[in-house]
Amino acid sequence: MNKKQIKWRNRILIAIALFFAVMVTEKTGALGTLFGEAEVYAAFALYFVAFLIAGHDVLVKAWNNIRRGDPFDEAFLMTVATLGAFATILFPETEPQSAEGCAVMLFYQVGELFQSYAVGKSRKSIADMMDIAPDYANIEQDGELVEVDPDEVAVGDVIVVKPGERVPIDGIVVEGVSQLDTAALTGESVPRHVEVGADVISGCINMTGLLHVKTTKPFGESTVSRILELVENASEKKAKTENFITRFARVYTPIVTISAVVLAIVPPLLGLGPWTDWVLRGLTFLVVSCPCALVISVPLSFFGGIGAASREGILVKGSNYLELLSHVDTVVFDKTGTLTSGTFNVVAVHPESGVDADYVLSMAAYAEAFSDHPIAVSVRAAYSGEIDQARITEAREESGHGVSARVNEHVVVVGNDKLMRAHGANAPDCELTGTILHVLIDNTYVGHIVIADVVKDDAAQTISALHAAGVKRCVMLTGDREDVARAVATKLNIDEFHAQLLPEDKVAQVERLLATEPEGGKLAFAGDGINDAPVLMRADVGIAMGAMGSDAAIEAADVVLMDDKPSKIAKAMRIARRTMAIVWQNIVFAIGVKILILVLAAFGLANMWLAVFGDVGVAMIAILNAMRCLHIEK
Numbered sequence: 010m011n012k013k014q015i016k017w018r019n020r021i022l023i024a025i026a027l028f029f030a031v032m033v034t035e036k037t038g039a040l041g042t043l044f045g046e047a048e049v050y051a052a053f054a055l056y057f058v059a060f061l062i063a064g065h066d067v068l069v070k071a072w073n074n075i076r077r078g079d080p081f082d083e084a085f086l087m088t089v090a091t092l093g094a095f096a097t098i099l100f101p102e103t104e105p106q107s108a109e110g111c112a113v114m115l116f117y118q119v120g121e122l123f124q125s126y127a128v129g130k131s132r133k134s135i136a137d138m139m140d141i142a143p144d145y146a147n148i149e150q151d152g153e154l155v156e157v158d159p160d161e162v163a164v165g166d167v168i169v170v171k172p173g174e175r176v177p178i179d180g181i182v183v184e185g186v187s188q189l190d191t192a193a194l195t196g197e198s199v200p201r202h203v204e205v206g207a208d209v210i211s212g213c214i215n216m217t218g219l220l221h222v223k224t225t226k227p228f229g230e231s232t233v234s235r236i237l238e239l240v241e242n243a244s245e246k247k248a249k250t251e252n253f254i255t256r257f258a259r260v261y262t263p264i265v266t267i268s269a270v271v272l273a274i275v276p277p278l279l280g281l282g283p284w285t286d287w288v289l290r291g292l293t294f295l296v297v298s299c300p301c302a303l304v305i306s307v308p309l310s311f312f313g314g315i316g317a318a319s320r321e322g323i324l325v326k327g328s329n330y331l332e333l334l335s336h337v338d339t340v341v342f343d344k345t346g347t348l349t350s351g352t353f354n355v356v357a358v359h360p361e362s363g364v365d366a367d368y369v370l371s372m373a374a375y376a377e378a379f380s381d382h383p384i385a386v387s388v389r390a391a392y393s394g395e396i397d398q399a400r401i402t403e404a405r406e407e408s409g410h411g412v413s414a415r416v417n418e419h420v421v422v423v424g425n426d427k428l429m430r431a432h433g434a435n436a437p438d439c440e441l442t443g444t445i446l447h448v449l450i451d452n453t454y455v456g457h458i459v460i461a462d463v464v465k466d467d468a469a470q471t472i473s474a475l476h477a478a479g480v481k482r483c484v485m486l487t488g489d490r491e492d493v494a495r496a497v498a499t500k501l502n503i504d505e506f507h508a509q510l511l512p513e514d515k516v517a518q519v520e521r522l523l524a525t526e527p528e529g530g531k532l533a534f535a536g537d538g539i540n541d542a543p544v545l546m547r548a549d550v551g552i553a554m555g556a557m558g559s560d561a562a563i564e565a566a567d568v569v570l571m572d573d574k575p576s577k578i579a580k581a582m583r584i585a586r587r588t589m590a591i592v593w594q595n596i597v598f599a600i601g602v603k604i605l606i607l608v609l610a611a612f613g614l615a616n617m618w619l620a621v622f623g624d625v626g627v628a629m630i631a632i633l634n635a636m637r638c639l640h641i642e643k
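Under the working numbering, the first residue of the sequence shown carries the number 10, and numbering increases by one thereafter.
The structure is reproduced here in structure tokens:
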């Protein structure tokens, strides 16, 4: 609790202590012994003191709202209902309702305090995310470290990050080795090892060694700044359910207030009973007319859901997208970078009979030594030895089909089947799916290397989790070859795939899928590349993979995953569906209980105590239920 909440709590506790002291002395007859015939007025005065201690701020707020011409809020309704209860002392034929009036204000304030605490707890998950913003950056000047504002650091400057400090700006490590805590960004507890040449993103905590980082972006465009902008704007985008509750409250409160006035005045004018009886029924109506159970619990549920998602490294740009995500029944994936790693890896080396596999790989790595092509990089990465470039001569690219080089006087040719045929060699077929590199040494075919984009570890788990969550279609779109796409789709149990697509073809496929969506169903698209931005914008829900991904994709997306794990998509959907379930539980419960008590009050079967439960009790139960959104099952 903050200082304001502590003072508020202490004031309520004093009022409650006085309330129970008065009630006990009244019920035991001690008050009558002390004041005799003035007992009723003494009880009134003491209850009213407790009432003012607890609720004077509510009275002030109600008066200010009346002066502004905006009376229909809970402060006004509580003021009228409680002062009306105290006013029953003016009617000698009616039992005074001073205790009830005081109790209503006490319970209302307890509910408001609880609500304030719940909102603060919900906001804490977002506030924790906001704490990733660094206050300073260290730069070296004249041999000393100087703290400067991150905005003052230019692209290309070298900053120093000490152990325990947050990385303030995105960059590349130029000196040092350390472990980075990325939990605040990705939700992952396992530290990330970084060394010279590694990319680092702002917001991570440097755990062990001293790092020198060359900045690659200005602070305003760094990961931490983009995240904070997304989080700050999330509350501005309301879900349809939130907007419905806001509109409902605007109509509900005036209608019930007018009904309370009619209930208090019309029946006694028609001779259906004494004024005091009907006025009490009207006051009970007023207590139940406060819509705070709905007005607070519904936004609190969405806020809790967004906060829970942020702790898992899932940034939802608004409660409207959380609501849409809960209705998704079709998920479309871009293949490369989303379901697969997006990097080439050697997955197999198949030598010819009598040839060593390591020899084939080493000769291919030497031949590829001077190439910058991603395939060449993957071959060199798979070869564990050092490459002595002095052993290589006459290296050249073979017109997009491969490379050739002289290695230790051996002529080595590495490339596709067309290059093999050009050199008079027959390349055998390979059962594995991927890019096949054939290796020819001195015009003798010695084997082939299979290179493929590796499926991510959690991709299969993602598809099965989505199906289990009720997603009817998982579709994969890719610009890759048909056989590669089919192999990935089969391995992951994907329902439908389309290969060899240009960016505009992907948009057309999403348009087609949207046209076949059943009423109420929504389509989500997950991708990471700049070419995915148009598709992300066209989908009902766009999901960008990885905060280190394309700026355009992140800007176009509605949900941003802080890492590249597709399993976060299924987790985001679970969070969204659980949040919406809790929202509707609160709506049905709150409206149902209030309608029941309103009916009972109209027939004189509900007193002030039941009305207090209908307002404060229902609100507290709804808020407790809403706070469940903060704790999502793993």
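Quick reminder that beta carbons are idealized off the backbone N, C-alpha and C, glycines included.
No experiment lies behind these values; they were computed from the predicted model shown.
**Study point:** Met485 - DSSP class collapsed to helix/strand/coil
**Key:** strand
For a test of the three-state rule: what should DSSP assign to Gly411, helix, strand or coil?
strand
Touching or not, the stretch 46-63 and the stretch 98-115, by the rule of three or more beta carbon pairs under 8 Å? yes
What does the Cβ neighbour count give for Asn595, buried or exposed, with the cut at 16 atoms within 10 Å? buried
**Message:** Tell me the rounded alpha-carbon separation between Gly551 and Val544.
**Reply:** 8 Å
Output the boundary residues of the alpha helix (DSSP H) element that contains Tyr330. Ser328 to Ser335
### Message
What does the alpha-carbon distance come out to for the pair Lys481 and Leu511?
### Response
25 Å
*Would you list the one or two residues that DSSP bridges to Arg175?*
Ile214
ask   = If you follow the alpha helix (DSSP H) that Asn19 is part of, which residue opens it and which one closes it?
value = Lys12 to Thr37
Legend entry - Exposure of Asn215, with buried meaning 16 or more beta-carbon neighbours within 10 Å: buried
- Could you tell me whether the Cβ atoms of Lys574 and Asp467 are closer together than 7 Å? yes
Open item on the list: The beta strand (DSSP E) that contains Arg201, what's its start and end?
Closed with: Arg201 to Val203
*List the endpoints of the continuous beta strand (DSSP E) containing Asp462.*
Thr453 to Val464
Exercise. Beta carbon of Tyr584, beta carbon of Gly314: below 7 Å?
Worked result: Looking at the sequence shown, residue 584 is not Tyr but Ile. The answer is yes: Cβ separation under 7 Å.
DSSP three-state assignment for Pro143, whether helix, strand or coil
coil
Q. Is the stretch 401-415 close to the stretch 370-382, with three or more CB pairs under 8 Å?
A. yes
Practice item. Specify the secondary structure class of Met571 as computed by DSSP and reduced to three states. Key: coil
Strand pairing of Ala542, partner residues [DSSP]
DSSP lists no partner for Ala542.
task = Specify, as a first and last residue, the run of the beta strand (DSSP E) that Glu156 falls within.
result = Glu153 to Val157
Going by C-alpha distance, which of Val416, Ile632 and Thr34 is nearest Asp397? Val416
*Counted within 10 angstroms of its Cβ, other Cβ atoms place Tyr50 as buried (16 or more) or exposed*: exposed
Rounded to whole angstroms, what's the CA-CA distance from Ala548 to His336? Just pull it up for me. 13 Å
May I have the straight-line CA-CA distance separating Ala26 from Phe253, to the nearest angstrom?
-> 40 Å
Going along the chain, which residues of its own chain have a beta-carbon closer than 8 Å to the beta-carbon of Ala207, five neighbours each way excluded?
Ile181 and Val182
### In chain order, each beta strand (DSSP E) run of at least 3 residues that lies wholly inside the stretch 562-630
568-570
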